[in-house]
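Engineer: Numbering (the working numbering), first residue to last: 223 to 436.
Even for Gly, the Cβ is constructed at its ideal location relative to N, Cα and C.
Note that the coordinates shown come from a computational prediction; the quantities given were computed from them, not determined experimentally.
Structure follows, in structure tokens:
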């Protein structure tokens, strides 16, 4: 079902916009990693599925599961709930188990959809998971998705889309006692924030100010 849905997403993206993916070769072909995209639209999770043929797991806002039908659907494609506005320890533990089993996990470090050109106030979740499991973080900038479906919109609008995959960011090395200092996690989050801003700026510039599809 996952591959069928991703195929449908590809067709829909092509129909609704001109999609350009830059740096897809940087996606790890094997092993676990944390995919950390910017988040400006509800379509972002679908767009990230186009970056690799591998099956990825997703954190989703818990309100999705209020609808039994929608909850079953997103669960079938690898999503599981997280409580918004706070660190959900159970969700993080679930992510950790998946990473330790070799599966890639998608975590939006901004926590929720944001608006505007600035990437700020990231959660430490992706850095924490990378530090705990020793896997890299792969940052992704997405340009044009906010135009396609801005926050509060019920329908998508045809527009140009650009996804840029950055170089994987290595996790911090543990101490002799096998632990990673909190300061190293915060430093990794700061590094991720800077890289996401750079990729987001570049993707937005390539997508163009109007994003018209020709």
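Could you check if residue 427 is buried or exposed, using at least 16 other CB atoms within 10 Å of its CB as the buried criterion?
Structural biologist: On the chain shown, position 205 is the one that residue 427 refers to. With fewer than 16 other Cβ atoms within 10 Å, it is exposed.
Engineer: In the DSSP assignment, find the alpha helix (DSSP H) that holds residue 428 and state where it starts and stops.
Structural biologist: Position 206 of the chain shown holds residue 428. Element bounds for residue 428: 404 to 429.
Engineer: Please determine, among 276, 355 and 414, the residue with the shortest C-alpha to C-alpha distance to residue 299.
Structural biologist: Along the chain shown, one-based indexing puts residue 299 at 77. Checked all of 276, 355 and 414; the closest Cα to residue 299 is 276.
Engineer: Mind checking which residues open and close the alpha helix (DSSP H) that includes residue 352?
Structural biologist: Along the chain shown, read from residue 1 onward, the residue named residue 352 stands at position 130. 347 to 355 is the extent of the alpha helix (DSSP H) around residue 352.
Engineer: Could you give the distance in angstroms between the alpha-carbon of residue 316 and the alpha-carbon of residue 250?
Structural biologist: For the purposes of this step, residue 316 is taken as residue 94 along the chain shown, with counting starting at 1. For the purposes of this step, residue 250 is taken as residue 28 along the chain shown, with counting starting at 1. Using only the alpha carbons, I get a separation of about 21 Å.
Engineer: So, using beta-carbon positions, are residue 357 and residue 321 closer together than 7 Å?
Structural biologist: In the chain shown, counting from the first residue as 1, residue 357 sits at position 135. In the chain shown, counting from the first residue as 1, residue 321 sits at position 99. Result yes, Cβ atoms of residue 357 and residue 321 sit closer than 7 Å.
Engineer: Check whether the Cβ of residue 414 lies closer than 7 Å to any Cβ atom in chain C.
Structural biologist: Of the chains in the structure shown, none is chain C; there is only one protein chain.
Engineer: Since I believe residue 407 is in contact with residue 346 (beta carbons under 8 Å), could you give me their beta-carbon distance rounded to a whole number of angstroms?
Structural biologist: As a working note, residue 346 is residue 124 in the chain shown. As a working note, residue 407 is residue 185 in the chain shown. With a Cβ gap of about 6 Å, residue 346 and residue 407 count as contacting.
Engineer: Note down the Cα distance separating residue 399 from residue 355, rounded to an integer number of angstroms.
Structural biologist: By 1-based counting over the chain shown, the position of residue 399 is 177. By 1-based counting over the chain shown, the position of residue 355 is 133. Roughly 15 Å separates the two Cα atoms.
Engineer: Using the three-state DSSP reduction, which class does residue 365 fall into: helix, strand or coil?
Structural biologist: Position 143 of the chain shown, counted from the first residue, corresponds to residue 365. Strand.
Engineer: Which one of 269, 363 and 341 has the shortest CA to CA distance from residue 424?
Structural biologist: By 1-based counting over the chain shown, the position of residue 424 is 202. Looking at the Cα atoms, 363 is the closest of the given residues.
Engineer: Is residue 280 closer than 7 Å to residue 301 when the C-beta atoms are compared?
Structural biologist: Residue 301 sits at position 79 when you count from the first residue of the chain shown. Residue 280 sits at position 58 when you count from the first residue of the chain shown. Contact: yes.
Engineer: I'd like the span of the beta strand (DSSP E) that includes residue 166, first residue to last.
Structural biologist: In the structure as shown, the chain begins at 223 and stops at 436. Residue 166 is therefore absent and cannot be evaluated.
Engineer: Mark residue 333 as exposed unless 16 or more other C-beta atoms lie within 10 angstroms of its C-beta, in which case mark it buried.
Structural biologist: Taking the first residue of the chain shown as position 1, residue 333 is located at position 111. Buried, by the Cβ-count rule.
Engineer: How close, in whole Å, do the beta carbons of residue 388 and residue 421 come, if the pair is a contact with beta carbons under 8 Å?
Structural biologist: Taking the chain shown and counting its residues from 1, the one referred to as residue 388 is at position 166. Taking the chain shown and counting its residues from 1, the one referred to as residue 421 is at position 199. Between residue 421 and residue 388 the Cβ distance is about 5 Å, and since that is below 8 Å, they are a contact.
Engineer: Could you check what DSSP says for residue 344 in three-state terms: helix, strand or coil?
Structural biologist: Stepping through the chain shown from its first residue, residue 344 is reached at position 122. Residue 344 falls in the coil class under three-state DSSP.
Engineer: Is there contact here, the region 363 to 375 with the region 264 to 276, by at least three beta-carbon pairs under 8 Å?
Structural biologist: yes
Engineer: Determine the direct distance from the alpha carbon of residue 238 to that of residue 257, and round the result to whole angstroms.
Structural biologist: Numbered from 1 along the chain shown, position 35 holds the residue referred to as residue 257. Numbered from 1 along the chain shown, position 16 holds the residue referred to as residue 238. Straight-line Cα distance between these residues: approximately 24 Å.
Engineer: Does the distance from the C-beta atom of residue 259 to that of residue 282 stay below 7 Å?
Structural biologist: For this step, residue 259 is matched to residue 37 along the chain shown. For this step, residue 282 is matched to residue 60 along the chain shown. No, Cβ-Cβ distance for residue 259 and residue 282 is not below 7 Å.
Engineer: Could you check where the alpha helix (DSSP H) with residue 316 kicks off and where it finishes?
Structural biologist: If you number the chain shown from 1, residue 316 lands on position 94. That run of the alpha helix (DSSP H) goes 311 to 322.
Engineer: By the three-class DSSP mapping on this structure, what secondary structure does residue 296 have?
Structural biologist: Numbered from 1 along the chain shown, position 74 holds the residue referred to as residue 296. Here residue 296 sits in helix by DSSP.
Engineer: Residue 291: buried (16+ other C-beta within 10 angstroms of its C-beta) or exposed?
Structural biologist: Your numbering for residue 291 matches position 69 in the chain shown. It is exposed - the Cβ of residue 291 has fewer than 16 other Cβ atoms within 10 Å.
Engineer: Near residue 360, what residues of its chain come up, given a Cβ to Cβ distance below 6 Å and the 5 sequence neighbours on each side ignored?
Structural biologist: For the purposes of this step, residue 360 is identified with residue 138 of the chain shown, where counting begins at 1. Correct list, in chain order: 255, 257 and 390.
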